[in-house]
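Undergrad: Sharing a structure below in structure tokens format, with a few things to ask.
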Amino acid sequence: MDIKLFSLCNQDSQEAEKGKEFILKCVKDFFPECNGFAEFTSQKRMLVAISQSLLAADIVLVAVQSAMYNATKRMLCAALDTKTAENGEVSAVLSSRPDAKKMKQNFFKASVTFPEAATILPTSDYLNCGFALTSGGQHIIYMPVEDIKAQQIILGSLYDYFAELSEPCAASHALKNRHRALIECAVNKLSADSVRVALAGNDGAEYLISFLKKNDKSVFTVDMDYELPDDVTDIKKLAIQIARNVREKNRTELGVYISNPFVSEDDANMLCAYIAVANAEGTKTYKLISEPGETPKELLRTCADKLLLILCDYERIASFVEESEEEKAADKSFKDILGIAASVIVLAASIAGFITALILR
789 MDIKLFSLCN QDSQEAEKGK EFILKCVKDF FPECNGFAEF TSQKRMLVAI
839 SQSLLAADIV LVAVQSAMYN ATKRMLCAAL DTKTAENGEV SAVLSSRPDA
889 KKMKQNFFKA SVTFPEAATI LPTSDYLNCG FALTSGGQHI IYMPVEDIKA
939 QQIILGSLYD YFAELSEPCA ASHALKNRHR ALIECAVNKL SADSVRVALA
989 GNDGAEYLIS FLKKNDKSVF TVDMDYELPD DVTDIKKLAI QIARNVREKN
1039 RTELGVYISN PFVSEDDANM LCAYIAVANA EGTKTYKLIS EPGETPKELL
1089 RTCADKLLLI LCDYERIASF VEESEEEKAA DKSFKDILGI AASVIVLAAS
1139 IAGFITALIL R
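Using the working numbering, you'd call the opening residue of the sequence shown number 789 and step up by one each time.
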């Protein structure tokens, strides 16, 4: 597949340069022939170049600096002549922020407005989320360029998105690279903050454990001799208890457990698994549900990646068991990204209007 990369920055930024490096590494894991970014400082010139690329490219990825992010998103949507709407998921998360009332109305509206047919690629705080549009095998991806938010989308969404577009062998290799990148991200974050993690060494954690290197053991302690509570049969309660037990036994700041997959009667007999993360304040659980046709092994790989994403942002682990609405939305996006190929916009057919819109501006 032919992929073209575009970046838009109106000022020099080390964060943007790092972000482009992260994006390019991910892209090259799937499309090694990619030549890198075409760089722009002008919105209109970049959009004209994008319109020309849409005549031939299968994928167009656009990474934009935060100062120009919402304005460029609005301009791109107008040029593509695509209907926009408030995204309920993003709106709900931003509305629940403690500082929601301090957000200017225009900024809030711009932050929650996306092409109606788009798949959202969320950032951890849901500000400057990316999106993807698809039609007839052609794709356009829009995302922030700065390193922190770019990496959040790359590790949380973009690898999975590209995996859906790639041959199984290439996707398998690339997703292993994503897993290594997630481990590196988590280890760097936890090590910098002197936070250690005790991991129950059951079958559910086997995939994650197989990737841990010797140096990672300074952060991760794998407990192969953890005790199973005798009087707990509920899988969720079992996950909570084991996460607490391994934390206390190993005297670490965090204790984690990935349950073995099970069939849930509450979720239409779908295959499920729990992740439990315990800290000094309490234990939080995350329930992941398999996609149709997903094997137990594949579900556990998803759980391992989800756990690492949690650890990369471990400060958000609160002192209550249930996930917040924001985290449930993130879980939904994390799984929904695997079923991404059903949007209804014709990109190539918009090219004439695209260029006309730019000329008239």
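Here a beta-carbon is modelled for each residue, glycine too, at the ideal position from N, C-alpha and C.
Tell me the DSSP secondary structure of D1101 in three-state form.
TA: Looking at D1101 - three-state DSSP - the assignment turns out to be coil, as it is neither helix nor strand.
Undergrad: Compute the distance between the beta-carbons of N965 and D817, then report whether it is under 9 Å.
TA: Yes, the pair counts as a contact, with Cβ atoms nearer than the cut-off.
Undergrad: Rounded to the nearest angstrom, what separates T1040 and K1085 at their Cα positions?
TA: Approximately 28 Å, taken between the alpha carbons.
Undergrad: Leaving aside the five residues before and after A898 along the sequence, list all residues of the same chain whose C-beta is less than 6 Å from its C-beta, in chain order.
TA: Excluding residues within five positions, the ones whose Cβ falls inside 6 Å are N858.
Undergrad: What three-state label does DSSP hand V1109 in the structure shown?
TA: Per-residue confidence for V1109 stands at a pLDDT of 45, beneath the threshold of 50, marking its modelled position as unreliable; the derived number appears in the next sentence. V1109 falls in the coil class under three-state DSSP.
Undergrad: Any chance you could list the beta strand (DSSP E) runs of at least 3 consecutive residues sitting entirely within the region 865–945, in chain order?
TA: Taking only runs of at least 3 residues, the beta strand (DSSP E) segments lying wholly in the region 865–945 are 872–874, 901–903, 907–909, 918–923 and 926–932.
Undergrad: Report all residues from its chain with a CB closer than 8 Å to the CB of V1109; omit the five preceding and five following residues, and keep chain order.
TA: Residue placement at V1109 is flagged as unreliable, the pLDDT there being 45, under the threshold of 50; the coordinate-derived value follows with that caveat. Once the five neighbours on either side are set aside, the close Cβ partners of V1109 are I1028, G1070, T1071, K1072 and T1073.
Undergrad: Could you check what DSSP says for F999 in three-state terms: helix, strand or coil?
TA: Helix, per DSSP.
Undergrad: List in chain order: all unbroken alpha helix (DSSP H) runs of 4+ residues lying wholly within the region 1020–1064.
TA: You should have 1023–1038.
Undergrad: Between L849 and D790, what straight-line distance do the alpha-carbon atoms span, to the nearest angstrom?
TA: Whole-angstrom Cα-Cα distance: 11 Å.
Undergrad: Please classify G992: is it buried, with 16 or more other beta-carbons within 10 angstroms of its beta-carbon, or exposed?
TA: Buried, by the Cβ-count rule.
Undergrad: Which residues in the same chain as S979 place their Cβ atom closer than 6 Å to its Cβ, once the five residues preceding and following it in sequence are excluded?
TA: Within the same chain, S979 has close Cβ partners V1007.
Undergrad: So what does S795 bridge to, in DSSP terms?
TA: Answer is E827 and A851, bridged to S795.
Undergrad: According to DSSP, is F1008 helix, strand or coil?
TA: F1008: strand per DSSP, three-state reduction.
Undergrad: At which residues does the beta strand (DSSP E) containing A986 begin and terminate?
TA: It spans V985 to A988 - the beta strand (DSSP E) in which A986 sits, taken as one unbroken run.
Undergrad: Taking all protein chains shown into account, decide if N823 is buried (16 or more other Cβ within 10 angstroms of its Cβ) or exposed.
TA: The residue in question, N823, is exposed, as its Cβ has fewer than 16 Cβ neighbours within 10 Å.
Undergrad: Counting pairs of beta carbons, one from the region 944–959 and one from the region 1004–1023, are three or more of them closer than 8 Å?
TA: Contact fails: fewer than three Cβ-Cβ distances are below 8 Å.
Undergrad: Can you tell me whether DSSP reads L842 as helix, strand or coil?
TA: In the structure shown, L842 sits in coil (DSSP, three-state: anything other than H, G, I, E or B).
Undergrad: If you pair each beta-carbon of the region 827–847 with each one of the region 872–891, do three or more pairs fall below 8 Å?
TA: No: fewer than three Cβ pairs fall under 8 Å.
Undergrad: Buried or exposed for E934, going by 16 or more other Cβ atoms inside 10 Å?
TA: Result: buried.
Undergrad: Which of the three DSSP states is assigned to L1016 in this structure?
TA: Three-state result, L1016: coil.
Undergrad: Report back the beta-carbon spacing between K937 and T911 to the nearest angstrom; my notes put them in contact at under 8 Å.
TA: So it is a contact: roughly 5 Å between Cβ atoms.
Undergrad: Which class does A1066 belong to by DSSP, given the choice of helix, strand or coil?
TA: Three-state DSSP puts A1066 in a strand.
Undergrad: Quick check on T1073: does DSSP put it in helix, strand or coil?
TA: Looking at T1073 - three-state DSSP - the assignment turns out to be strand.
Undergrad: Rounded to the nearest angstrom, how far is the Cβ of A1061 from that of C1091, given a contact under 8 Å?
TA: Right, the Cβ-Cβ distance comes to about 5 Å (below 8 Å), so this counts as a contact.
Undergrad: With H, G and I counted as helix, E and B as strand and the rest as coil, what does DSSP make of M863?
TA: If DSSP states are grouped into helix, strand and coil, M863 belongs with the helices.
Undergrad: In three-state terms, what does DSSP make of M789?
TA: Here M789 sits in coil by DSSP.
Undergrad: Y930 and L868 look like a contact to me (Cβ under 8 Å); what is the Cβ gap, rounded to whole Å?
TA: The Cβ separation is near 10 Å, so there is no contact.
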